[in-house]
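Note sheet for the following structure.
As structure tokens, this is what we get:
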């Protein structure tokens with residue numbers, strides 16, 4: 037399959053044939069080179085049996101996927117003598133001519149992309165002889181397919197596990213009775229099956245095995261989305277090598293890796309949850325069922341700190357002069373997408389004593405967007421400067437992903453609400469606990485945030501295509517994959533998807549509706565049981581809904597069924613009827629923090645209606661002090677007004693010091709709403725504040741570019757173009773693409 041990254045194809049292919057072989061452990065050995073903007077080295081994959089979720093049927097999209105697998109051809113290694121090479125003596129910084137194959141010389145061994153070619157040694161194998169037969173239905177060789185994009189794969193080889201001394205105590209493989217090939221497979225089978233309490237010995241064996249010599253190169257080919265590997269004579273997955281080593285290097289433009297500078301202008305690199313996850317960082321298995329452990333050794337110049345999403349707090353080991361080595365590992369099986377690396381001149385901040393401070397300061401400062409993977413959280417540096425809330429709510433959201441997204445994952449990535457909806461719903465609960473709020477204060481705060489999210493959801497639905505408003509777009513095909521285990525993520529490559537929050541907001545309102553309908557105590561008591569039961573597993577929406585409703589007596593379910601919740605909330609666009617009715621009822625009985633905002637909105641509307649010159653003796657309106665969340669709601673309401681005078685906008689700015697607000701999480705939203713008002717009412721005196729926001733808060737500013745362009749005002753359009761020219765080189769690829777389409 038050679039699908040291109042273009043707007044005509046917005047579904048992300050997950051190519052790995054996980055039904056036949058599953059990676060159980062990765063061992064990475066990498067060098068980070070800032071001069072060439074390349075990460076290079078080796079990855080060793082240890083395999084076990086395939087996906088335990090057996091295939092029931094194949095959807096139409098998956099049929100297209102399978103059909104596309106029929107046309108690939110292979111680059112071949114000449115079946116001539118390949119000198120054995122001890123991997124422990126190899127450094128990625130060696131010239132690759134030191135591993136030349138077939139004696140053909142440096143350049144002949146690799147094609148223009150750095151892929152092993154050797155076309156002079158042997159012509160390409162015809163697809164009629166070696167089709168992409170991932171299941172070996174009567175054809176010659178089994179094909180292993182890994183997810184891979186924007187990588188230069190240099191060499192693939194089987195690892196000689198039998199050459200590693202000392203494995204006898206951990207394996208049951210009878211050395212004398214087995215062929216060398218079977219012995220190697222049996223060693224891996226026993227190694228990956230070791231019990232969890234033997235993880236230290238297991239990881240030590242993995243490390244030693246990863247350094248074992250190779251015992252034969254494997255044929256491979258790459259296309260836009262995958263790496264395909266085969267071994268002559270291996271007709272089934274059971275016959276295929278269960279430990280392979282891949283020599284590769286990343287490309288500077290690869291979407292999984294961001295090379296940039298920190299706030300002091302020093303170089304840094306980090307990985308992020310891009311639409312293609314980590315497949316441009318290392319060859320891997322991306323389908324959700326592919327859960328594995330890993331360990332990694334990363335070398336970088338001594339001036340850098342290497343952070344990874346490992347369970348340990350790694351300390352650097354000096355190697356040669358000016359170079360340090362860092363080692364991390366994860367013992368809990370995790371998706372490959374959670375592997376995270378950040379290399380830069382980081383500053384460590386020690387924990388303080390207050391609960392909210394501890395939420396922030398135990399994590400390093402990284403110049404990235406909010407994103408979660410185990411033991412490391414990426415936050416924009418701008419979110420760490422707030423005075424009141426700090427970045428508490430953002431951290432609470434990301435921490436909630438430890439349960440929903442990691443400990444419990446979605447079996448189909450199109451059901452993002454199972455991760456983001458739960459994290460959004462739980463962030464309010466966590467934040468109230470962190471602030472140690474009494475129950476009535478926590479309830480007021482949560483109702484105010486619900487009101488904010490209601491406004492945001494309405495905006496989102498007005499400005500997004502209907503097909504992207506559905507939380508379960510695959511409907512009855514959700515969770516189904518092809519016979520090989522391959523699938524697609526609906527709209528996964530659509531650049532607009534990364535900026536949409538429908539799955540956050542509709543998911544949040546569904547869970548809020550269920551909690552309020554069934555009773556909060558009942559709901560959260562159930563949630564604890566659910567997390568305990570499904571820890572470490574993958575779920576679909578119906579798993580959660582069915583267990584929830586079955587745990588409640590039928591006479592208390594109030595007519596709720598799995599079918600009608602899925603129909604009304606998950607498989608429809610727009611606002612569910614139950615939510616609309618609930619919000620209309622809420623508007624009539626707003627109390628506390630939200631009601632206070634309503635009173636302030638009325639004052640501003642009255643002020644805006646007054647003549648420009650105030651009559652003598654008329655008192656100025658007195659405005660109450662509002663929290664950042666209340667200011668956001670106030671500005672949301674004022675955005676609904678058709679016209680606000682320059683005098684009203686100036687007074688608004690002065691009253692809430694909008695131009696001086698820092699970029700704390702909710703204040704980011706304050707500044708964003710203020711910029712929307714400035715653009716809508718062409719308040720030219722504040723245009724530079726819009727420019728500042730676009731330059732300092734690039735991710736949140738995407739929507740503002742569209743607002744600047746849609747009014748067809750020459751000065752606003754010039755502002756948009758000027759700001760984009762200043763920041764486009766520092767934006768991630770998806771953001772830059774979306775803005776470029778708005779501007780040009």
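In the numbering used here, the protein residues as written are 37 to 780.
Note that the Cβ used here is the ideal one computed from N, Cα and C, for glycine as well.
- For residue 461, there is no enclosing beta strand (DSSP E); the enclosing alpha helix (DSSP H) covers residues 453 to 471.
- Secondary-structure assignment with DSSP links residue 306 through a beta bridge to 294, 378.
- Across the structure, residue 560 and residue 551 are spaced so that their CA atoms are roughly 8 Å apart.
- For residue 311, the number of other beta carbons within 10 angstroms of its own is at least 16, and it is reported as buried.
- Within the same chain, and ignoring the five residues on either side of residue 444 in sequence, the residues whose Cβ sits closer than 7 Å to its Cβ are 567, 570, 571, 573, 575.
- Put simply, the backbone Cα of residue 737 is about 15 Å away from that of residue 499.
- Closest in C-alpha terms to residue 619, from the list 70, 493, 252, 361, comes 493.
- C-alpha of residue 594 to C-alpha of residue 86: approximately 42 Å in a straight line.
- In this chain, the alpha helix (DSSP H) harbouring residue 583 covers 577 to 586.
- Per DSSP, the beta-bridge partners of residue 194 are 280.
- Per DSSP, the beta bridge partners of residue 286 are 187.
- Beta bridge pairing from DSSP links residue 49 with 524.
- Bounds of the beta strand (DSSP E) holding residue 251 are 250 to 253.
- For residue 56, the three-state secondary structure derived from DSSP is coil.
- Distance from the CA atom of residue 486 to the CA atom of residue 56, rounded to whole angstroms, is 45 Å.
- Rounded to the nearest angstrom, the Cβ distance from residue 345 to residue 265 is 27 Å, too far for a contact under 8 Å.
- Rounded to whole angstroms, residue 231 and residue 237 show a C-alpha spacing of 10 Å.
- Residue environment for residue 780: exposed (fewer than 16 other C-beta atoms within 10 angstroms of its C-beta).
- Residue 287 is positioned such that its CB atom lies closer than 7 Å to that of residue 186.
- Selection 694, 745, 251, 363 evaluated against residue 722 yields 694 as nearest (Cα-Cα).
- Around the Cβ of residue 684, a 10 Å sphere holds 16 or more other Cβ atoms; the residue is buried.
- Beta-bridge pairing by DSSP links residue 370 to 328.
- In this structure, DSSP gives residue 538 a helical state, which the three-state scheme calls helix.
- When only Cα atoms are considered, residue 477 and residue 657 end up about 28 Å apart.
- Under the three-state reduction of DSSP output, residue 262 falls in the strand class.
- Sixteen is the threshold: when 16 or more other Cβ atoms of the shown chains lie within 10 Å of the Cβ of residue 664, as they do, the residue is buried.
- In this structure, 447 is the residue among 447, 464, 483, 644 with its C-alpha nearest to the C-alpha of residue 580.
- Residue 481 counts as buried, since at least 16 other C-beta atoms from the protein chains shown sit within 10 angstroms of its C-beta.
- By the C-beta criterion, the stretch 289 to 309 is judged not to be in contact with the stretch 213 to 223, since fewer than 3 inter-stretch pairs fall below 8 Å.
- Residue 675 is positioned such that its CB atom lies closer than 7 Å to that of residue 712.
- Of the other Cβ atoms in all chains shown, 16 or more fall within 10 Å of the Cβ of residue 725; this residue is therefore buried.
- With a cut-off of 8 Å on Cβ pairs, the stretch 366 to 378 is in contact with the stretch 325 to 333, counting three or more such pairs.
- The criterion of a C-beta distance shorter than 7 Å is satisfied by residue 254 and residue 192.
- Excluding its 5 nearest sequence neighbours in each direction, residue 228 has C-beta neighbours in its own chain below 7 Å: 60, 61, 82, 84, listed in chain order.
- Taking a C-beta distance under 7 Å as the contact criterion, residue 598 and residue 578 qualify as a contact pair.
- Of 382, 366, 336, the smallest CA-CA separation from residue 360 is found for 336.
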